[in-house]
Each structure stands twice: as C-alpha cells, then as structure tokens.
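Chains as they are written, first to last, in the working numbering: chain E, 218 to 383; chain L, 2 to 148. Every residue gets a Cβ at the ideal spot worked out from N, C-alpha and C, and that includes glycine.
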Amino acid sequence: MSTARFPLASEGMNASAAVLTMDGLNLLFRQSDIRALESASALDSNAPKQESVGWISYMRQRWPVYCLSDQLDLLSDVPPARRTCALLPIGTEFFGVLCDDAAIIKPDARKRHEVPVAMKNANTPILELLPSGDKLLCVSNPSRLAAYIEHLVHKQSLPVELPCLA
Amino acid sequence: MSRMNAWLLEFGGDCRAAVGTRELLHLVDAPVTFAVPGSPEYCRRVVMWQERLLPVMDIATRVGSASRQAPFLAVIGYQQQRGEYPHFGALMLSSPPRQLDVSDEQACRLPDEDGVWRELSISCFEHQGSPVPVLNLCRIFSNAPRP
C-alpha cells in the first residue's frame, strides 16, 4: 500500500487530523489542510458562484463555499445543521465546505483500508477508509475534493438531453 | 453418492444464485455495516471482517430486482489468478445458504441471456424447475463501477 496517497501518513502514522461531519458523513483531512474555520453565518450568499451556496472572506479575498450532502451530492439549500465553514487550500487559492462539526482527532492510521474496487468511482474524493469506533472515516484531501466538486458542477451544468420527438 | 458442491444463495424474492462450496467462507448474522458515500447503489456498504474491510454486494439491486431485507452476509473468497492469496467480499442474503449437489446434466441457459446475469455469471444450472446462475465472484468484486 502506497503511503503517498494517504494524507495522514506523511505526517506520521498518528498525526492529528481533522474530521468534518456532514450528517452521516465523516470526511478526514490532515489537520494542516484546514486553514480556517468560520461560522456559516459569515457566509455572503449574494450572487454565489455556480452550484456554490455563497462566499466566505479569508486573507482579504472571498472564496466560494460549497454544501455537500452525506452522499456527496451538491446541495443548493443549506441544512440548518451546517453551522461551520471549513476553508481548504488548492494551490494559492481556497474554497469553503460547510459542515455540521469539525473535530481534531488522532486516528490510528494503521487501520486504514483502501476503498474496495467494486465501489470506487473514478471521481470519488474518498482516498481511503478508516473505521474508528462506531464510525467510518472517509480519508480525503483538498485537491481531490476540489476536483470532485468541479466534476459535479460540470455535470450539473450540462444541458439536459431533450427527448427525441421523431 | 451425493456430493455437495454448491451453495444456493437467496437474495430475496425470486432472486437467487449459487457459488462453489469452497468460495463461501463465513456467514455473518445481523452484521454491522458502514455506508460509503458516492459508491454504486448495488454496493453501498462495507463490513469489517477479520480486520479487513469488505465490500457488501447487493445482487438483488444489481440485477434490477427490488432489494429486500437482508439480515445475513455471506463472506466469500475468490482469486483473480490461480495460486494467489484470496480476495474477500460479502454478499447480502435474505436467508442462510443451503448446500446443493449439482451435476453437469443440470446445465441450462441464464434467466436473461443478454442481460446483467450474463455479466455476473460463469454458468447456470436448473434447480427445482428454475435457472440458478453461478456467480463469477472475481468479475463481480474486481471491476470498478461504470461511470
């Protein structure tokens, strides 16, 4: 198993990590991948970028914020439980993800597992799986999550095929 | 002399199939499973088994049959190449499996010759007047979902 794909391994087997909870989904990132946590009430929902729910200000700029369901679908209506906005980096830029809760944990990275081939979609942002107590932590990283969101945005912007009338 | 060489697996309703006796390793009653978001409808969950995380396959959903309550999981083992260490997976079952004695004379056509069973099966036999596909576990568990 390659450790290069596993974001936690690069900072030691038991490095601190951040869990972003979205209903039943627990997305696990390196702690350093979470650049800031803001209240969702700080969101500016005027003229949001395509498929995003608004903007958040950070480092004197504003960045798009997305809301995901626990099935990893993009939501346009923000559930009341999404009270926190986590800012993640992609290169020199950032994007926000709304979550119910953000917690710092020290996961036992030795218990990580690959996503089984039969259930691994090509665009999935989930790199590996880590059972922890009665939960399953889904290991991700900002670039994979950003690519996945971009894929969803592109998919939703495609024109709906019209039925053939011939 | 009778020689049990297959397990009959019931997936709910009329949906059923078989695997070889050596392919079924363990039956888990009332398993604790975890949902994996973004996975295909027919394989949404994983189960911990002997420190491994196994994909849970819902064959009924995969063949387009209505998914029923599946209180059992059959842990199965398969090889992608002869001699290699086995890979493992789990199949959702509506009832405990039953052993069968199957002979070559029972060979028959698949229930849907051009349909999804063709993709999931290596052969088929007749049992009590109905076709029973024999699952190709390697193909079922080794192929990534189609986009």
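- The Cβ of histidine 371 (chain E) sits no closer than 9 Å to any Cβ of chain L.
- Close to histidine 368 (chain E), with beta-carbon spacing below 9 Å, lies no residue of chain L; the smallest spacing is near 10 Å.
- The shortest CA-to-CA distance from tryptophan 272 (chain E) to any of E:Leu289, E:Leu315, E:Tyr365, E:Ala235 is the one to E:Leu315.
- The alpha helix (DSSP H) runs lying completely inside the stretch 50-129 of chain L and spanning 4 residues or more are 60-63, 117-121, given in chain order.
- Per DSSP, the continuous beta strand (DSSP E) segment holding alanine 303 (chain E) begins and ends at 301-307.
- Listed along chain L, the residues sitting closer than 8 Å to asparagine 338 (chain E) by beta-carbon distance are Gly39, Ser40, Pro41, Ala145, Pro146, Pro148.
- Only those residues of the stretch 271-303 of chain E whose C-beta falls short of 7 Å from the nearest C-beta of chain L are listed: Asp287, Gln288, Leu289.
- For lysine 352 (chain E), the CB contacts under 7 Å within the same chain, skipping 5 residues up- and downstream, are Asn243 in chain order.
- Exposure of aspartate 15 (chain L) is indicated by the presence of fewer than 16 other C-beta atoms within 10 angstroms of its C-beta.
- Proximity of chain E to cysteine 44 (chain L) at the Cβ level (cut-off 9 Å) is accounted for by Pro333, Ala335, Met336, in chain order.
- Under the DSSP assignment, glutamate 255 (chain E) falls in the beta strand (DSSP E) whose first and last residues are 253-256.
- Judged by DSSP in its simplified three-state form, alanine 326 (chain E) adopts helix.
- Contact between glutamate 24 (chain L) and isoleucine 60 (chain L) does not hold, since the beta-carbon distance rounds to 14 Å and is not under 8 Å.
- Less than 9 Å divides the Cβ of arginine 279 (chain E) from the Cβ of aspartate 261 (chain E).
- Residue contact with chain E for leucine 54 (chain L): present (Cβ-Cβ distance below 9 Å to some residue of chain E).
- By the Cβ neighbour-count rule, valine 57 (chain L) is buried, with 16 or more other Cβ atoms within 10 Å of its own.
- If you check the CB distance, leucine 346 (chain E) and phenylalanine 89 (chain L) do not come in under 9 Å.
- In this structure, E:Ser357 is the residue among E:Lys372, E:Ser357, E:Val370 with its C-alpha nearest to the C-alpha of aspartate 250 (chain E).
- If you draw a straight line from the Cα of proline 87 (chain L) to the Cα of histidine 27 (chain L), it is about 14 Å long.
- At least 9 Å separates the CB of valine 64 (chain L) from every CB of chain E.
- Rounded to whole angstroms, the separation of the alpha carbons of alanine 67 (chain L) and proline 98 (chain L) is 20 Å.
- Cβ-Cβ distances below 7 Å link isoleucine 141 (chain L) to Met58, Leu121 in the same chain, with the five nearest sequence neighbours on each side left out; the list follows chain order.
- Ranked by how close their Cα comes to the Cα of valine 332 (chain E), the residues E:Ile322, E:Ala253, E:Cys355, E:Phe311 have E:Cys355 in first place.
- Only Gly90 from the stretch 71-94 of chain L bring a Cβ to less than 8 Å from some Cβ of chain E.
- Counting along the chain, proline 359 (chain E) sits inside the alpha helix (DSSP H) bounded by residues 359-374.
- For aspartate 317 (chain E), the three-state secondary structure derived from DSSP is coil.
- Cβ-Cβ separation between valine 117 (chain L) and alanine 7 (chain L): approximately 21 Å, too far for a contact (criterion under 8 Å).
- Contact with chain E is absent for isoleucine 60 (chain L), since none of that chain's Cβ atoms lies less than 9 Å from the residue's Cβ.
- The CB of isoleucine 343 (chain E) comes closer than 8 Å to the CB of Val37, Pro38, Gly39 in chain L, given here in chain order.
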